[in-house]
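Residue numbers for the sequence shown, in my numbering: 21 to 160. See structure below.
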Amino acid sequence: MPDDTDLLSAACHCGAVRFQVRLSDGFKTARRCNCSYCRMRGAIAVSAHLDDMQIVEGEENLTLYQFNTGTAKHYFCKICGIYTHHQRRSDPTQFGVNVACLEGVSPFDFTEVPVLEGVRHPSDGRTGSGLAGVLRYTSS
Numbered sequence: 021m022p023d024d025t026d027l028l029s030a031a032c033h034c035g036a037v038r039f040q041v042r043l044s045d046g047f048k049t050a051r052r053c054n055c056s057y058c059r060m061r062g063a064i065a066v067s068a069h070l071d072d073m074q075i076v077e078g079e080e081n082l083t084l085y086q087f088n089t090g091t092a093k094h095y096f097c098k099i100c101g102i103y104t105h106h107q108r109r110s111d112p113t114q115f116g117v118n119v120a121c122l123e124g125v126s127p128f129d130f131t132e133v134p135v136l137e138g139v140r141h142p143s144d145g146r147t148g149s150g151l152a153g154v155l156r157y158t159s160s
């Protein structure tokens with residue numbers, strides 16, 4: 021994987037959307053969520069401040085999806101359908117970025133990924149650790 025402080029290049033599957041991003045705390049922020057949308061999407065996301073991400077090509081090919089409270093803004097390529105990033109509900113000053121879109125990074129590079137509690141989201145006044153579990157990947 022690239023160095024945590026690098027400006028990373030990223031793209032959707034078809035390449036119609038290209039962007040650059042600098043992660044807020046490197047790959048230490050890798051996570052999944054168990055909300056209804058993220059369960060179906062299945063992506064691992066890492067964090068970046070809003071100012072640290074720039075769409076360099078194909079912004080017109082991004083489509084926005086919002087649900088429930090409408091706070092989180094989920095973006096995906098309208099051509100290939102790949103989720104690229106979202107503006108986080110738990111911290112709207114940050115984007116969650118799909119690690120599979122980052123050049124040189126695979127979701128299978130992470131042996132353990134925390135799964136955050138999105139069903140009972142802390143923004144809804146729920147208490148608890150905020151951790152729903154841990155997703156583990158081991159190769160055979």
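Note that the Cβ used here is the ideal one computed from N, Cα and C, for glycine as well.
Start and end residues, alpha helix (DSSP H) containing residue i
i	result
arginine 59	56 to 61
Span of the beta strand (DSSP E), counted from its first residue to its last, around residue i
i	result
cysteine 97	93 to 97
proline 134	132 to 136
serine 29	27 to 31
Simplified DSSP state of residue i, which is helix, strand or coil
i	result
glutamate 77	strand
aspartate 129	helix
aspartate 111	coil
alanine 120	helix
leucine 155	strand
leucine 1	With the chain represented from 21 up to 160, any question about residue 1 goes unanswered, as that position is not in the structure.
Nonlocal neighbours in the same chain, by C-beta distance under 8 Å from residue i, ignoring five residues either side
i	result
phenylalanine 96	Cys32, Leu82, Thr83, Tyr85, Ile102, Tyr103 and Thr104
serine 159	Phe128
glutamate 123	Pro22, Leu28, Ser29, Ala30 and Ala31
Same chain, Cβ closer than 7 Å to residue i, five either side skipped, listed in chain order
i	result
tyrosine 157	Phe128, Phe130 and Thr131
cysteine 34	Cys97, Ile99 and Cys100
Residue i and residue j closer than 8 Å at C-beta
i	j	result
valine 135	asparagine 54	yes
valine 117	alanine 50	no
Give a yes or no on contact between the segment 28 to 47 and the segment 77 to 96, applying the rule of three or more CB pairs nearer than 8 Å. Yes, they touch.
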